[in-house]
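Asker: In terms of full-length UniProt numbering, the sequence shown has 229 at position 229, counting the first letter as 1, and numbering is strictly consecutive.
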Amino acid sequence: MRPDPSTTVARTYESVRSAIRSGALPSGTRIDEADVIRSLSSSRTAVREAFTWLAEEGLVERRQRSGTVVTRVPNSFTGDRFTGLVEHLLYDRVDPAPGPVAARIVSGGRMRVLSHLLLTGGEPVAVRTVYRSAEQPAEGARPEVSGSAQSDFRATFGIDLARIDTTVEAIGCDEQTAQLLRVAPGSPILLREQVLVGVDGAARLLSQAHYAGARSSFVAGLAPEHPDAG
Numbered sequence: 001m002r003p004d005p006s007t008t009v010a011r012t013y014e015s016v017r018s019a020i021r022s023g024a025l026p027s028g029t030r031i032d033e034a035d036v037i038r039s040l041s042s043s044r045t046a047v048r049e050a051f052t053w054l055a056e057e058g059l060v061e062r063r064q065r066s067g068t069v070v071t072r073v074p075n076s077f078t079g080d081r082f083t084g085l086v087e088h089l090l091y092d093r094v095d096p097a098p099g100p101v102a103a104r105i106v107s108g109g110r111m112r113v114l115s116h117l118l119l120t121g122g123e124p125v126a127v128r129t130v131y132r133s134a135e136q137p138a139e140g141a142r143p144e145v146s147g148s149a150q151s152d153f154r155a156t157f158g159i160d161l162a163r164i165d166t167t168v169e170a171i172g173c174d175e176q177t178a179q180l181l182r183v184a185p186g187s188p189i190l191l192r193e194q195v196l197v198g199v200d201g202a203a204r205l206l207s208q209a210h211y212a213g214a215r216s217s218f219v220a221g222l223a224p225e226h227p228d229a230g
């Protein structure tokens, strides 16, 4: 069970996990327990409990003699398009447009539904399902895959892409997705939903990607609209 966020254990866990995710503690680094206790004003018990949670997520390993060592850094994704992901096709089919999806994007009554398992370094990162009109070709306009979103969208739909609306929320993992992501059913995962909208104002593609929560993070940079000169 994840520590209560109000406890010292949780604060220690979150601080160390953040250092791992940011690269301050790269893979292979030995984490000095005494240094964590001192820098975070934590107890030895709290630090060891936090390390246990990180070990359960596969981010660290407790080793005899060498102590706690970082074994994996969570995947960090920036912006709306990711590089380095490998696609494994799960299915590609044409179905009647589901009501909730048809109400959100142009469908023509029938939809092409493509589902892929996304991997990095041979490890499953996400299960992504894309919905679009069955009248469009199977390829093109694939969010979260390296390339140009604008050119992919234009090639697929014949118009320019105006925007991508993105929402990320935490949900419990269903059994089928859990099996694909190699996580426990019910464990927290991230649902990243994208709607691609053309310059005509019509939403033409819906992507729903389920990410293994303990292995993924999304990074956004924000610059001021009118930075001071000089």
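Glycine included, every Cβ here is placed at the ideal spot set by N, Cα and C.
(1) How close, in whole Å, do the beta carbons of L191 and Q208 come, if the pair is a contact with beta carbons under 8 Å?
(2) Grab the span of the beta strand (DSSP E) containing T68 for me, first residue to last.
(3) Take Q194 and list the residues in its own chain whose beta-carbon comes closer than 6 Å to its own, dropping the five residues that flank it on each side.
(4) Could you compute how far the alpha carbon of G131 sits from the alpha carbon of V197?
(5) In the DSSP assignment, what are the bridge partners of G172?
(6) Pull up the CB-CB distance for P181 and C173, whole angstroms please, since I reckon it's below 8 Å.
(7) Using CA atoms only, rank isn't needed, just tell me which of L89, V113, Y91 is closest to P98.
(8) Which of the three DSSP states is assigned to E87 in this structure?
(9) Whose C-alpha, out of S66, L90, L54, Y91, is nearest the C-alpha of A10?
(10) Kindly indicate which residue of V70, H116, V183 has the alpha-carbon position closest to the one of A24.
(11) With distances taken between CB atoms, is the gap from I171 to V199 smaller than 7 Å?
(12) Considering only their Cβ atoms, is the gap separating L85 from L117 smaller than 7 Å?
(13) If you run the structure through DSSP and keep just helix, strand and coil, what is H210?
(14) Give the straight-line distance between the Cα atoms of R204 and M111, rounded to the nearest whole angstrom.
(15) Straight-line CA distance for A178 to T120?
(16) Does DSSP put T129 in a helix, in a strand, or in coil?
(17) Alpha carbon to alpha carbon, how far is F157 from I31?
(18) Return the residue from the list A103, R93, S42, I37 that minimises the CA-CA distance to residue 263.
(19) What number of angstroms, rounded off, separates the C-alpha of A34 from the C-alpha of A214?
Answerer: In this structure, then:
(1) At roughly 7 Å, the Cβ-Cβ gap stays under 8 Å, so L191 and Q208 are in contact.
(2) 67-70
(3) Within the same chain, P143, I164, T166, S207 come within 6 Å of Q194 by CB-CB distance, once the 5 residues on both sides are set aside.
(4) Checking the sequence shown, residue 131 turns out to be Tyr, not Gly. Roughly 13 Å separates the two Cα atoms.
(5) P188
(6) One point to set straight first is that residue 181 is Leu, not Pro, in the sequence displayed. Yes, they are in contact, since the Cβ atoms of L181 and C173 sit about 7 Å apart, within 8 Å.
(7) V113
(8) strand
(9) Considering only S66, L90, L54, Y91, the residue with the shortest C-alpha distance to A10 is L54.
(10) V70
(11) Against a cut-off of 7 Å, the Cβ pair of V199 and I171 comes out as no contact.
(12) no
(13) Correct three-state label for H210: strand.
(14) Taking the straight line joining both Cα atoms gives about 11 Å.
(15) 17 Å
(16) Strand, per DSSP.
(17) Those two C-alpha atoms are separated by around 51 Å.
(18) Residue 263 lies beyond the residue range present for the chain, which begins at 1 and ends at 230; the question has no answer from this structure.
(19) Distance from the CA atom of A34 to the CA atom of A214, rounded to whole angstroms, is 25 Å.
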